[in-house]
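Student: Can you read through this structure? Questions will come right after.
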Amino acid sequence: MEANRETALTEDHPERLASQHELATAYQANGQVEKAVALLEQVVKILDTTLAEDHPDRLASQHKLAVAYNENGQVQEAVALLEHVFKIRARTLAEDHPGRLVSQHELAVAYNESGHVQEAVALLEQVVQIEATALAVDHPDRLASQHELARAYQANGQGRKAVVLLEQVAKIQETSLAVDDPDRLASQHQLACAYWENLQETRAVELLQQVLQIEQSTLDKDHPSRVVSEEVLKDMLYELRTRAIEYF
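Okay, here's the thing in structure tokens:
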């Protein structure tokens, strides 16, 4: 179907570009990030020559490419492109517009990944503040922003703030998501790590054991989330045993 459409339409035809954009999204969802990057770079290159700088479709494709860059480890490319997108959206959209907020959120994530932690915290605090008045307490976007802000707090050495925020997120998700929901498990995993860094080690181990028990019954052995949980728990238990031996 995709091949037929490509042969029937010019390379800058909106329907052909839209289908390429959708295919890139499917590649990302399937973990084929390099393919997604290559396809989105092609789409963005064409849209850069055919649409105005602030055209929603052009910005959406640039945003999508930047997220793919970040997932592919091309953090500097992601930061540069998201800075460009956010600058335009900040000029053309209201501060509570979903498109502006999602670009601000993703730019903060990229900042955090690239070591610009204070910039990430500042952006995410603003996003969380706006979403607190615009979205319901259990809205996925609001919870995702709070989760990312907590991660940024951890990276910035603000462990207590991270714990408070993640406890809030986890509590809401416990009433709104299934026990094996990936978002709920991710928040609990992150909270366990925050507990550990905040020297609440017993709570950290107990929570991570709970997360891992669910992941072992629902995920394949080589699933990245399960593997990470197993490795982190193993490290925690090893450190506790080592301390106990040294003490005695």
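Take this note's numbering: the final residue in the sequence shown is number 325, and no numbers are missing along the way.
The C-beta atom is built at its ideal place from N, Cα and C for all residues, glycine as well.
What's the gap between the Cα of ARG135 and the Cα of LEU128?
Tutor: For this step, residue 135 is matched to residue 58 along the sequence shown. For this step, residue 128 is matched to residue 51 along the sequence shown. Using only the alpha carbons, I get a separation of about 7 Å.
Student: Whose CA, out of ASP131, HIS224, VAL162, lies closest to the CA of GLN250?
Tutor: Within the sequence shown, numbered from 1, the residue matching residue 250 stands at position 173. For the residues ASP131, HIS224, VAL162, the minimum Cα distance to GLN250 belongs to HIS224.
Student: Quick check on GLN109: does DSSP put it in helix, strand or coil?
Tutor: Working through the sequence shown from its first residue, we reach residue 109 at position 32. Note: GLN109 maps to coil in three-state DSSP.
Student: Have a look at ARG345 and GLU244 and give me their C-alpha separation to the nearest angstrom.
Tutor: As displayed, the chain neither begins before 78 nor continues past 325, which places residue 345 out of reach and without an answer.
Student: Roughly how many angstroms lie between the CA atoms of ALA263 and ASP131, to the nearest whole one?
Tutor: In the sequence shown, residue 263 corresponds to position 186, counting from 1. In the sequence shown, residue 131 corresponds to position 54, counting from 1. So the two alpha carbons sit approximately 35 Å from each other.
Student: Considering only the alpha carbon of each residue, which of LEU226, ILE291, GLY236 lies closest to VAL256?
Tutor: What you label residue 256 is simply residue 179 of the sequence shown in a count that begins at 1. Among LEU226, ILE291, GLY236, the Cα nearest to that of VAL256 is on ILE291.
Student: Would ALA269 and ALA239 qualify as a contact pair, given that the criterion is a beta-carbon distance under 7 Å?
Tutor: Here residue 269 corresponds to residue number 192 of the sequence shown, with the count starting at 1. Here residue 239 corresponds to residue number 162 of the sequence shown, with the count starting at 1. Result no, Cβ atoms of ALA269 and ALA239 do not sit closer than 7 Å.
Student: Whose C-beta lies closer than 8 Å to the C-beta of GLN151 among residues of the same chain, with five residues either side of it excluded?
Tutor: Within the sequence shown, residue 151 is the residue found at index 74, counting from 1. Excluding sequence neighbours, GLN151 sits near VAL114.
Student: Of all the options SER294, ILE322, VAL309, which has the alpha carbon lying nearest to the alpha carbon of HIS266?
Tutor: Within the sequence shown, residue 266 is the residue found at index 189, counting from 1. Looking at the Cα atoms, VAL309 is the closest of the given residues.
Student: Out of HIS193, ARG177, LEU284, THR252, which one is the CA nearest neighbour of GLN203?
Tutor: Within the sequence shown, residue 203 is the residue found at index 126, counting from 1. Of the listed residues, the one whose Cα sits closest to GLN203 is ARG177.
Student: Starting from THR87, follow the alpha helix (DSSP H) in both directions and report where the run begins and ends.
Tutor: For this step, residue 87 is matched to residue 10 along the sequence shown. Per DSSP, THR87 belongs to no alpha helix (DSSP H) and is neither H nor E.
Student: Hey, quick one: how far does the alpha helix (DSSP H) through VAL256 stretch, first residue to last?
Tutor: Locating residue 256 in the sequence shown gives position 179, where the first residue counts as 1. Note, VAL256: premise wrong, no alpha helix (DSSP H); not H, not E.
Student: Work out the CA separation of MET313 and THR319 for me, nearest whole Å.
Tutor: On the sequence shown, residue 319 is found 242 positions in, with the first residue counted as 1. On the sequence shown, residue 313 is found 236 positions in, with the first residue counted as 1. Cα to Cα, the separation comes out at about 10 Å.
Student: Given HIS300, which residues of its chain have a CB within under 8 Å of its CB, disregarding the five upstream and five downstream residues?
Tutor: Mapped onto the sequence shown, residue 300 falls at position 223. GLU292.
Student: Can you tell me whether DSSP reads ASN147 as helix, strand or coil?
Tutor: Taking the sequence shown and counting its residues from 1, one reaches residue 147 at position 70. Of the three classes helix, strand and coil, the one that applies to ASN147 here is helix, per DSSP.
Student: Can you tell me where the alpha helix (DSSP H) with LYS164 in it begins and where it stops?
Tutor: As a working note, residue 164 is residue 87 in the sequence shown. For LYS164, the uninterrupted alpha helix (DSSP H) run begins and ends at 152-169, by DSSP.
Student: Please work out which residues of its chain come closer than 6 Å, Cβ to Cβ, to GLN139, disregarding the five sequence neighbours upstream and downstream, and give them in chain order.
Tutor: Working through the sequence shown from its first residue, we reach residue 139 at position 62. Here the set comprises VAL121, LEU158, VAL162.
Student: Residues in its own chain within less than 8 Å of VAL305 by CB, not counting five upstream and five downstream?
Tutor: Looking up residue 305 in the sequence shown gives position 228. If we look at VAL305 and ignore the five residues flanking it on each side, its Cβ neighbours are HIS266.
Student: State the DSSP-derived secondary structure class of ALA95, mapped to helix, strand or coil.
Tutor: Within the sequence shown, numbered from 1, the residue matching residue 95 stands at position 18. It is helical.
Student: Helix, strand or coil for HIS132 per DSSP?
Tutor: Against the sequence shown, residue 132 aligns to sequence position 55. Of the three classes helix, strand and coil, the one that applies to HIS132 here is coil, per DSSP.
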